[in-house]
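Chemist:
There are 2 protein chains.
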Amino acid sequence: MRVSLKDVAAHAGVSIKTVSNVVNNYQHVTPAMRDRVQRSIDALGYQPNLTARHLRKGRTGIIALALPELGNPYFAELTAAVINAAAAHDYIVLLDHTGGRREQEVLVSQGFRARVIDGLILSPIELETEDLRHRSEQVPLVLLGEREYDLPYDHIAIDNVDAARAAVRHLVGLGRREVAFIGARRARSEPAQLRVRGWREELGAAGLPADDGLVAETDGWGHADGAAAMSRILDSGRRPDAVFAYNDPMAIGAMRVLHERGLRIPEDIAVVGFDDVVEGRFGAVTLTSVSPDKEAIGRLAVESVLARLGGAVPEPRRIRADYTLVERESTVGRR
Amino acid sequence: MRVSLKDVAAHAGVSIKTVSNVVNNYQHVTPAMRDRVQRSIDALGYQPNLTARHLRKGRTGIIALALPELGNPYFAELTAAVINAAAAHDYIVLLDHTGGRREQEVLVSQGFRARVIDGLILSPIELETEDLRHRSEQVPLVLLGEREYDLPYDHIAIDNVDAARAAVRHLVGLGRREVAFIGARRARSEPAQLRVRGWREELGAAGLPADDGLVAETDGWGHADGAAAMSRILDSGRRPDAVFAYNDPMAIGAMRVLHERGLRIPEDIAVVGFDDVVEGRFGAVTLTSVSPDKEAIGRLAVESVLARLGGAVPEPRRIRADYTLVERESTVGRR
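Quick mapping for you: the protein sequence lines, in order, are chains A and B. Okay, so the first sequence: first residue is -14 according to this note's numbering, each after it adds one. Okay, so the second sequence: first residue is -14 according to this note's numbering, each after it adds one.
Here you go:
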């Protein structure tokens, strides 16, 4: 017969609630109590079934998180934030990889996993409004990131135009006059477009030309794409005095090329990235970056899903997460 | 009424098999055929239910992948490899985060998600043999990584002692005589112990002392841990001419400290990492690293799970994945 929570409680001489707290890994259990309960769990061979409670409510206890790219450290850090936020509500996270392709995003948003999940957090790249308009799926959907949809779903994003303007303002404030943008997209990509728009607007506000010859389009988002884009700009004969990259890996790839060509950072060319991933803090030249509040984005996403599961159906919300610009050596030098 | 695969096939004038191939994203469908089927899918509003086939067999179509750390880019790259390998068999991957803590690893291995998953791939850090000895769970389990268990489970790992010896041999071959090791563990950690053993054995084979004063213990695995460990060695008055780090992020953290202190890499100190993550290829000084065959590890893990689901119960296997040592600027300089 299956050993129950009640059996463990009786064996350990504690309440069922205490056993539950240990099993669910709540923080307010003392180490001594945790040991005592664990000994009973071991003695009886109890196997906690964390999903039972969810199943009683007709739920699975699982939230899906669908991301375009796991190799990008921003998404790895965001995933950790979502997992932590979900764990606080006894939810586990099923991770899905869309590759940023529209057909995969449609499949995910149409709920091909509806039997398995209670809610979906989706960070789309190519998904169109029309793809979501006829969504019949009952599973709550929360959207992350920069694509705009005129549809009744919660949507969490930072203000990308504003954040890009802050990055360019920082460079202009340091006296830079030729600011390149690395990572515009050949394919349709709202985040890249919004960041290019911010770049253009801020240069305009500073009375500087937004020169298309200083915008490098790329197909991918990685280090190698940033390196190739930087090479193309330099090979074209241009010598900007600053570079704003779509994300940190691209900025780091660009910096590698600058090192190879003997250009000094920031003296010859200042560099700003986006996402503030850990790796940017440990290069030979540390990277100035726009830092979205990833913990808040993860927490807000999980809470949005759970609010809709809770029976209340709040008005769909457009939630702006915070960002900061973190100044490091790639723009202000070693201090 | 729910639109079926059959309805789509009739509408598109193709076989059910062809529709299935499109829905399941198989490679051998021509773009023209894919378009034709997709138009019928769109016209009829068909929602593919990828789990139906699995459910008919009493399966869920989900493999869990339990990892100690998502922030570590090695695990992000390994996750991508597992997801790709699983997708080739129409399996999706549920990602689990153990934090490398024994109690979480026990919970996962005891199958607290048994209703949801068909198989489990676990990369344990602290899990003990005794934790697995009484595992009653029927869900196939495949172990990844360096911990050794004398138990009948498939286990996939590279030979860590051998790989560490290759790294140290490379340094000794370059004439280095004082090789530090960064990332030994205060807590019990088999991978770190195996790599320290390899470091010790290879120095011994070269007739060099394996000096405990050059072994830096750390609690964590990240950039900051590597930086702190490097600082401690230098602050102790030691000046090794080479560093072998437990992994790439720690090596990169150590290199940051060497830069700050004006030490040249590799002229003053050569550095070797482990895992060959993308970031190591784009620093101001690119990083020499032990490169496990991550694609093969992901593929072998998925195939091991599926073989056990297939009814056959093959003998548990110890599978050695390949590795190579990739030489870059941090040891051989810019060429």
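We put the CB at the ideal spot given by N, CA and C, even for glycine.
Output the boundary residues of the alpha helix (DSSP H) element that contains A:L63.
Modeler: The residue you call residue 63 of chain A lines up with position 78 of the first sequence. P58 to A72 is the extent of the alpha helix (DSSP H) around A:L63.
Chemist: Which same chain residues, not among the five before or five after B:T309, have their C-beta less than 6 Å away from its C-beta?
Modeler: Taking the first residue of the second sequence as 1, we reach residue 309 of chain B at position 324. Around B:T309: S276.
Chemist: Check the DSSP bridge columns for B:R303 and list the partner residues they point to.
Modeler: Residue mapping note: residue 303 of chain B aligns to position 318 of the second sequence, counting from 1. Answer is B:H140, bridged to B:R303.
Chemist: If you compare alpha carbons, which of B:Y138, B:P137, B:A142 and B:A148 is closest to B:E131?
Modeler: The residue you call residue 131 of chain B lines up with position 146 of the second sequence. Of the listed residues, the one whose Cα sits closest to B:E131 is B:A142.
Chemist: Kindly give me the distance between the Cβ atoms of A:A201 and A:R217, rounded to whole angstroms, as I take these residues to be in contact under 8 Å.
Modeler: Taking the first residue of the first sequence as 1, we reach residue 201 of chain A at position 216. Taking the first residue of the first sequence as 1, we reach residue 217 of chain A at position 232. Going by Cβ atoms, the distance from A:A201 to A:R217 rounds to 6 Å, so yes, they are a contact pair.
Chemist: Can you give me the Cβ contacts of A:V262 inside the same chain, cut-off strictly under 7 Å, excluding the 5 residues immediately before and after it?
Modeler: Here residue 262 of chain A is taken as the residue at index 277 of the first sequence, counted from 1. Contacts found: P58, Y59, E62 and D233.
Chemist: Note the first and the last residue of the continuous alpha helix (DSSP H) segment covering A:P336.
Modeler: Only positions -14 to 320 of chain A appear in the structure, and residue 336 of chain A is not among them; the question remains open.
Chemist: Among A:V93, A:E163, A:V311 and A:P109, which has the Cα closest to the Cα of A:I102?
Modeler: Sequence index remark: in the first sequence, residue 102 of chain A carries index 117 (1-based). Comparing Cα-Cα distances from A:I102 to each of A:V93, A:E163, A:V311 and A:P109, the minimum goes to A:V93.
Chemist: Using a C-beta to C-beta distance shorter than 8 Å, which residues of chain D count as neighbours of B:T203?
Modeler: The chain inventory of the structure shown lacks chain D, comprising the protein chains A and B.
Chemist: Per DSSP, B:Y308 is paired with what?
Modeler: If you number the second sequence from 1, residue 308 of chain B lands on position 323. For B:Y308, which the question treats as bridged, DSSP gives the partners B:P277.
Chemist: Flag A:L55 as yes if its beta-carbon sits less than 7 Å from any beta-carbon of chain B, otherwise no.
Modeler: Numbered from its first residue, the first sequence carries residue 55 of chain A at position 70. Judged by the 7 Å Cβ criterion, A:L55 is in contact with chain B.
Chemist: How do the region 145 to 162 of chain B and the region 253 to 261 of chain B stand: do at least 3 beta-carbon pairs fall below 8 Å, yes or no?
Modeler: Segments in contact, yes.
Chemist: By alpha-carbon positions, which one of A:D116, A:R305, A:G265 and A:G238 ends up nearest to B:D27?
Modeler: The residue labelled residue 27 of chain B in the question sits at position 42 within the second sequence. The candidate whose alpha carbon is nearest that of B:D27 is A:D116.
Chemist: Identify every run of the beta strand (DSSP E) within the region 166 to 233 of chain A, keeping only runs that are complete inside it and at least 3 residues long; order them along the chain.
Modeler: 200 to 203 and 227 to 230, all fully within the region 166 to 233 of chain A.
Chemist: Please list the terminal residues of the continuous alpha helix (DSSP H) segment that includes A:L117.
Modeler: In the first sequence, counting from the first residue as 1, residue 117 of chain A sits at position 132. Unbroken alpha helix (DSSP H) run through A:L117: T114 to R118.
Chemist: Relative to the alpha-carbon of B:P301, which residue among B:D307, B:V(-1) and B:Y134 has its alpha-carbon at the smallest distance?
Modeler: Position 316 of the second sequence, counting from 1, holds the residue named residue 301 of chain B. Measuring from the Cα of B:P301, the nearest candidate turns out to be B:Y134.
Chemist: Which class does A:A255 belong to by DSSP, given the choice of helix, strand or coil?
Modeler: Within the first sequence, numbered from 1, the residue matching residue 255 of chain A stands at position 270. The answer is strand: DSSP assigns A:A255 an E or B state.
Chemist: Tell whether a beta-carbon distance below 7 Å holds between A:V67 and A:V78.
Modeler: As a first step, residue 67 of chain A must be located in the first sequence, where it is residue number 82. As a first step, residue 78 of chain A must be located in the first sequence, where it is residue number 93. Against a cut-off of 7 Å, the Cβ pair of A:V78 and A:V67 comes out as a contact.
Chemist: Quick one: list the residues of chain B neighbouring A:V78, beta-carbon separation under 7 Å, in chain order.
Modeler: Against the first sequence, residue 78 of chain A aligns to sequence position 93. Result: L80.
Chemist: Starting from the C-beta of B:A51, find all residues in its chain whose C-beta is less than 6 Å away, skip the five residues before and the five after it, and write them out in chain order.
Modeler: Here residue 51 of chain B refers to the residue found at position 66 when the second sequence is read from its first residue. Closer than 6 Å at the Cβ level, and outside the excluded window around B:A51, lie D81, T83, V93 and L107.
Chemist: Expressed to the nearest angstrom, what Euclidean distance is found between the alpha-carbon atoms of A:R319 and B:T271?
Modeler: Looking up residue 319 of chain A in the first sequence gives position 334. Looking up residue 271 of chain B in the second sequence gives position 286. Going by the C-alpha atoms only, they are around 21 Å apart.
Chemist: B:L188: which of B:A227, B:G211, B:L294 and B:G56 sits nearest, CA to CA?
Modeler: Indexing the second sequence from 1 puts residue 188 of chain B at position 203. Selected option, being the one with the closest Cα: B:A227.
Chemist: Can at least three beta-carbon pairs, one atom from the region 282 to 296 of chain A and one from the region 2 to 9 of chain B, be found at a separation below 8 Å?
Modeler: Not touching, per the Cβ criterion.
Chemist: Does any heavy atom of the ligand ZN sit closer than 6 Å to the C-beta of A:E90?
Modeler: The ligand ZN is absent from the structure shown, which contains no ligands of any kind.
Chemist: Under a three-way DSSP split, which group does B:A51 fall into?
Modeler: For this step, residue 51 of chain B is matched to residue 66 along the second sequence. B:A51: strand per DSSP, three-state reduction.
Chemist: Leaving out five residues before and five after A:P225 in sequence, what residues of the same chain have Cβ atoms less than 6 Å from its Cβ?
Modeler: Reading the first sequence from its first residue, position 240 is the one you call residue 225 of chain A. Excluding residues within five positions, the ones whose Cβ falls inside 6 Å are E163, A165 and L199.
Chemist: With a threshold of 7 Å between beta carbons, is A:V263 in contact with chain B?
Modeler: Counted from its first residue, the first sequence places residue 263 of chain A at position 278. So yes, A:V263 belongs to the interface.
Chemist: Could you check which residue in A:M235, A:A286 and A:H244 has the C-alpha nearest to that of A:E264?
Modeler: As a position in the first sequence, residue 264 of chain A is number 279, starting the count at 1. When each option's Cα is compared against that of A:E264, the closest is A:M235.
Chemist: Just the chain A side, please: which residues come within less than 8 Å of B:I282 by C-beta, in chain order?
Modeler: Numbered from its first residue, the second sequence carries residue 282 of chain B at position 297. Within 8 Å Cβ-Cβ: nothing; B:I282 doesn't reach chain A, min ~15 Å.
Chemist: Quick check: the Cα distance between A:G283 and A:Q123, rounded to an integer number of angstroms?
Modeler: Looking up residue 283 of chain A in the first sequence gives position 298. Looking up residue 123 of chain A in the first sequence gives position 138. Rounded to whole angstroms, A:G283 to A:Q123 spans 22 Å at the Cα level.
Chemist: For B:A214, I'd like the list of residues in its chain whose CB is within less than 6 Å of its CB, leaving aside the five on either flank, ordered along the chain.
Modeler: Taking the first residue of the second sequence as 1, we reach residue 214 of chain B at position 229. Within the same chain, B:A214 has close Cβ partners I167, A201 and T203.
Chemist: Could you tell me whether the Cβ of A:T15 comes closer than 7 Å to any Cβ of chain B?
Modeler: Residue numbering aside, residue 15 of chain A sits at position 30 when the first sequence is read from its first letter. Chain B, which has no Cβ nearer than 7 Å to the Cβ of A:T15, makes this no.
Chemist: By how many angstroms is the C-alpha of A:P109 removed from the C-alpha of B:E88?
Modeler: The count along the second sequence starts at 1 and reaches residue 88 of chain B at position 103. The count along the first sequence starts at 1 and reaches residue 109 of chain A at position 124. Distance between the alpha carbons of B:E88 and A:P109 is about 35 Å.
Chemist: State the Cα-Cα distance for the pair B:D(-8) and B:A151, rounded to the nearest angstrom.
Modeler: Looking up residue -8 of chain B in the second sequence gives position 7. Looking up residue 151 of chain B in the second sequence gives position 166. Using only the alpha carbons, I get a separation of about 59 Å.
Chemist: For chain A, is any of its Cβ atoms less than 7 Å away from the one on B:H140?
Modeler: Here residue 140 of chain B corresponds to residue number 155 of the second sequence, with the count starting at 1. By this cut-off, B:H140 is not an interface position.
Chemist: Tell me, which residues are paired with B:H82 by DSSP?
Modeler: As a working note, residue 82 of chain B is residue 97 in the second sequence. B:H82 is bridged to B:L52.
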